[in-house]
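Chemist: Residue numbers for the sequence shown follow our numbering, so the first one is 132 and each next one is one higher.
Handing you a structure now.
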Amino acid sequence: MNASETIADSAGPQGVASQSDQNPVPTQRCGLIAIVGRPNVGKSTLLNALVGQKISITSRKAQTTRHRITGIRTRADEQGGGTQYVFVDTPGFQTRHSSALNKSLNKTVLGAIDGVDLVLFVVEAGNFTLGDAKVLSLLKPGTPALLVANKLDTVHRRAELAPWLKGMAERHPFAEFVPMSAKNPRDVARLLDVCARYLPEQPWWYGEDELTDRSEKFLAAEVVREKLFRLTGDELPYTSTVVIDQFAEEKSRAHGRMVRIAATIVVERDGHKAMIIGEKGERLKRIGTEARQELEKLMDCKVFVELWVKVRSGWADDEARVRSFGYE
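The following block contains the structure:
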């Protein structure tokens, strides 16, 4: 067989290359990835790093994430193909208390694991606690799971990780191990590369520039709550919450776009209210100022924030009130 015959055979009956050969359809991958773990292992920090922008609040206080938050990251190639990652951040699974709030949070975790293409099981590198074991027991067979050994930067003796990883392999059939630090961009890029292999080939669900399916009103409540926890430290119980009373968008000659936000911080005791307000209202003022500054960056507009503090004793144990405050 000569060269011309070979070309004609491969090109088709008429010897002309088909349209699909000339313009191959770009390959797109897209899928759901659940990020799960016990409280305070760095899930929200990891989500923000994977998305490339802050969409989930972070705090040293355990249990700051309370909702299922979808973060979107799209890595496109020049041909229009690539991978779209749809991340679901979850609350840390609660085992200590059985309040209505914690039951709602745990229900959110279980719901997030259902129907995903991949699970990122996040633990602190070198550690495995009873809380980690509880979350691990929720993982369902048949759904691939990656062991994300986070906070690698805090491990001083890397050689000690080998026996720990071997022990983790005996606990669950993880698809892969990914030791990393969410603060290291190269580690984050490597994790994205690994995740892409487990996502199905299908069209993207969101626009290339979309980062989250949550509204600006939701993000406003989250940012206020983050500043609340950061500025009160360990003094304030995590049962405090934030309710947005007003979210009004206005046109402004000076700023183009302007948003007025009125929010209520809900606490369970009078002592907590006094703690948040601070001497002469200084702490509450600072919470509002820092929230406003961050929201202006996130929303790219002028923002006004008004805050109030109200006491609602026992709200975290009241199922109706938990739902009224926006928890599923």
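Just so it is clear, CB atoms sit at the ideal spot from N, CA and C, and this is done for glycine as well.
Would LEU249 and ILE164 be called neighbours here (beta carbons separated by less than 7 Å)?
Modeler: The answer is yes: Cβ separation under 7 Å.
Chemist: Along the chain, which unbroken stretches of the beta strand (DSSP E) at least 3 residues long are found entirely within the segment 252 to 330?
Modeler: Counting whole runs of 3 or more residues, the segment 252 to 330 contains the beta strand (DSSP E) stretches 276 to 281, 307 to 310.
Chemist: Give me the Cα-Cα distance between LYS433 and GLU427, rounded to the nearest whole angstrom.
Modeler: LYS433 and GLU427: Cα-Cα distance of roughly 6 Å.
Chemist: What did DSSP end up calling GLY387 once you bin it into helix, strand or coil?
Modeler: Three-state result, GLY387: strand.
Chemist: For THR176, which of helix, strand or coil comes out of DSSP?
Modeler: Helix at THR176.
Chemist: Of all the options GLY402, PHE308, LYS348, which has the alpha carbon lying nearest to the alpha carbon of GLU380?
Modeler: For the residues GLY402, PHE308, LYS348, the minimum Cα distance to GLU380 belongs to LYS348.
Chemist: Can you give me the start and stop residues for the beta strand (DSSP E) that GLU421 sits inside?
Modeler: Looking at the DSSP string, GLU421 is not in any beta strand (DSSP E); the run it does join, the alpha helix (DSSP H), is 413 to 430.
Chemist: Assuming ASN319 contacts ALA280 (C-beta within less than 8 Å), just tell me the rounded distance between them.
Modeler: For the record, residue 319 in the displayed sequence is Val; it is not Asn. No, VAL319 and ALA280 are not in contact; Cβ-Cβ is about 14 Å, not under 8 Å.
Chemist: Let me know if SER444 comes out buried or exposed under the rule of 16 or more other beta-carbons within 10 Å of its beta-carbon.
Modeler: With fewer than 16 other Cβ atoms within 10 Å, it is exposed.
Chemist: Using only the alpha-carbon positions, how far apart do ALA180 and THR363 sit?
Modeler: Going from the Cα of ALA180 to the Cα of THR363 covers about 25 Å.
Chemist: For a test of the three-state rule: what should DSSP assign to LYS185, helix, strand or coil?
Modeler: It is coil, neither helix nor strand.
Chemist: Bridge partners of TRP439, per DSSP?
Modeler: According to DSSP, which records beta bridges pairwise, TRP439 is partnered with THR395.
Chemist: Mind reading off the beta-carbon distance from ILE396 to LEU438? Whole number of angstroms is fine, and I expect it under 8 Å.
Modeler: Confirmed, about 6 Å.
Chemist: Go ahead and pull the three-state DSSP assignment for LEU249.
Modeler: Strand.
Chemist: Does the Cβ of GLU353 have 16 or more other Cβ atoms within 10 Å, making it buried, or fewer, making it exposed?
Modeler: GLU353 should be labelled buried.
Chemist: Just how far apart, CA to CA, sit LEU429 and ARG302?
Modeler: Roughly 41 Å between the two C-alpha positions.
Chemist: Please go through the same chain and pick out, in chain order, the residues whose beta-carbon is closer than 7 Å to the beta-carbon of LEU296, but skip the five residues on each side of it.
Modeler: Correct list, in chain order: PHE308.
Chemist: Express the C-alpha separation of ALA300 and ARG321 in angstroms, rounding to a whole number.
Modeler: Taking the straight line joining both Cα atoms gives about 21 Å.
Chemist: What are the boundary residues of the beta strand (DSSP E) that ASP220 is part of?
Modeler: First-last of the beta strand (DSSP E) with ASP220: 213 to 220.
Chemist: Among residues of its own chain, excluding the 5 on either side of PHE378, which ones have a beta-carbon nearer than 6 Å to its beta-carbon?
Modeler: Hits under 6 Å: LYS348, ILE392.
Chemist: Specify the secondary structure class of GLU410 as computed by DSSP and reduced to three states.
Modeler: Residue state, collapsed to three classes: helix.
Chemist: When we look at the beta-carbon of TRP336 and count the other beta-carbons within 10 Å, is it buried (16 or more) or exposed?
Modeler: That one is exposed.
Chemist: Express the C-alpha separation of LEU269 and GLY246 in angstroms, rounding to a whole number.
Modeler: The alpha-carbon atoms of GLY246 and LEU269 are separated by roughly 13 Å.
Chemist: How is THR196 classed by DSSP in three states: helix, strand or coil?
Modeler: Unreliable placement is indicated for THR196, whose pLDDT of 40 sits below 50; no coordinate value is reported for it.
Chemist: What is the residue span of the alpha helix (DSSP H) that LEU359 lies within?
Modeler: 347 to 363 is the extent of the alpha helix (DSSP H) around LEU359.
Chemist: Exposed or buried, GLY257, counting other C-beta atoms within 10 Å across all chains shown (16 or more means buried)?
Modeler: Result: buried.
Chemist: Excluding five sequence neighbours on each side, which residues of the same chain lie with their C-beta closer than 6 Å to the C-beta of MET310?
Modeler: This sequence places Pro at residue 310; Met is not what is there. Same-chain partners within the cutoff: ALA256, ALA280, LEU283.
Chemist: Which residues bound the beta strand (DSSP E) around GLN159?
Modeler: Here the beta strand (DSSP E) through GLN159 covers 159 to 167.
Chemist: Would you call GLY168 buried or exposed, if buried means 16 or more other Cβ atoms sit within 10 Å of its Cβ?
Modeler: Buried is the call here.
Chemist: DSSP three-state label for SER229, please.
Modeler: Residue placement at SER229 is poorly supported in this model, since its pLDDT is 47, which falls under 50; the coordinates still yield a value, given next. Residue state, collapsed to three classes: coil.
Chemist: Under the assumption that ILE408 contacts LEU359 (Cβ atoms under 8 Å), give the Cβ distance between them as a whole number of angstroms.
Modeler: Not confirmed; about 12 Å, so no contact.
Chemist: Among PRO331, ASN171, LEU178, which residue has its Cα nearest to the Cα of THR201?
Modeler: Closest option to THR201, Cα to Cα, is LEU178.
Chemist: I need the straight-line Cα distance from VAL440 to ASP344, nearest angstrom please.
Modeler: If I take the Cα positions, the gap works out to 28 Å.
Chemist: Beta-carbon within less than 8 Å of SER383's beta-carbon, same chain only, minus the 5 sequence neighbours each way: which residues are those?
Modeler: These residues qualify, in order along the chain: MET389, LYS433.
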